[in-house]
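Everything on this sheet refers to the single structure shown next.
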Amino acid sequence: IYVTKSNAYVCIFVDEGLGGNVNNSQLQKSICCITDEFSAVNCLETIKQGFEVKLLICYETREDLIHLVKIIDKILPRMLSSEIELEFHKISKFGRNSEDVLSKNSLITDIQIRSAKEKKISHISLTTSPLIFPSAYVETLQKRIFNAGLVPHISLSGIDSEIIKNAKEIGMEKHIPKIEKFMKTNFTKSKSNPHRKEKISKKTIKVRLGPNNVHTILDSLEIEH
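Under the numbering used here, read the sequence shown as residues 183 to 407, first letter to last.
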């Protein structure tokens, strides 16, 4: 029950929210790329830290795309904008071993750099955590971004129960086992494979948020679902 000078209110719903800084308190934009559940949590943390995010989605297959669109549907309302531009990149298929994960992350960083330059955005949110990835690998990605005249940002500098709690807050409960499994991956002795020539297709769409965001996005991409 809340009492003011002239009225009294009974609250029947309480939302603790996600905490963090005030939305866009950094007055900076950051490029976030969503390619799996872990990267989605990274994007959420970037928003919490006060950045306005520009979303990229990198996918390998049609099934992969549909899965990722369902995930970003949980994040879109947190961006506090009625119309959002989404940039989709279809990339080559990578394996699930640790070397391929590092190579895929390296490719995604290059895509983020190109997009940041095109959009004149200064920051790039790296989907890495020094608690999971080798420090030399993280430093290599950071240097690549600095050399491009941009600023790398690591939102997941630490992994704790609060991040899992936030994943639950946006309805990602069923994806938490995948996130926890990824967090236990051993990358210590893994190395990113040398760059191969990648065929990447790109499509940018604008979405006005509504009750059927998933269908709207997939229809805009002309994907059967």
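Cβ coordinates follow ideal geometry from the N, Cα and C atoms, glycine included. Predicted, not measured: the structure shown is a model, and the values here were computed from it.
- If you draw a straight line from the Cα of Asn394 to the Cα of Val223, it is about 22 Å long.
- Looking at the DSSP output, Leu268 sits in a beta bridge with Leu237, Ile387.
- Note on geometry: alpha-carbon atoms of Ser285 and Ile314 lie some 15 Å from one another.
- Note: His335 is bridge-paired with Ser307 in the DSSP secondary-structure output.
- The beta carbon of Ser264 lies closer than 7 Å to those of Arg390, Leu391 in the same chain, with the five residues before and after it left out.
- Counting along the chain, the unbroken beta strand (DSSP E) around Ser212 starts and ends at 211-216.
- Annotation: the continuous alpha helix (DSSP H) that includes Glu321 extends over 317-329.
- Under the three-state reduction of DSSP output, Phe220 falls in the helix class.
- Cβ contact annotation for Ile387 (same chain, cutoff 6 Å, sequence separation greater than five): Leu268, Ser402, in chain order.
- In this structure Leu209 is exposed. Its beta-carbon is surrounded by fewer than 16 other beta-carbon atoms within 10 angstroms.
- According to the DSSP assignment, Asn395 belongs to the alpha helix (DSSP H) that extends over 395-402.
- By a beta-carbon distance limit of 8 Å, Lys350 does not contact His271. Their separation comes to about 28 Å.
- In the DSSP assignment, Leu250 falls within the unbroken alpha helix (DSSP H) covering 244-257.
- Non-local beta-carbon contacts of Thr217 in its own chain, meaning distances under 8 Å to residues more than five positions away in sequence, involve Ile239, Cys240, Tyr241, Leu250, Lys286, Ile290, Thr309 in chain order.
- In the three-state reduction of the DSSP assignment, Pro359 falls in the helix class, which pools H, G and I.
- With fewer than 16 other Cβ atoms from the protein chains shown falling within 10 Å of its own Cβ, Lys363 counts as exposed.
- In terms of Cα proximity to Ile306, the closest of Glu404, Leu237, Gly353, Ile405 is Leu237.
- DSSP places Lys299 in the helix class (H, G or I) of the three-state scheme.
- By the Cβ-count criterion, Leu247 is buried, with 16 or more other Cβ atoms from all chains shown falling within 10 Å of its own Cβ.
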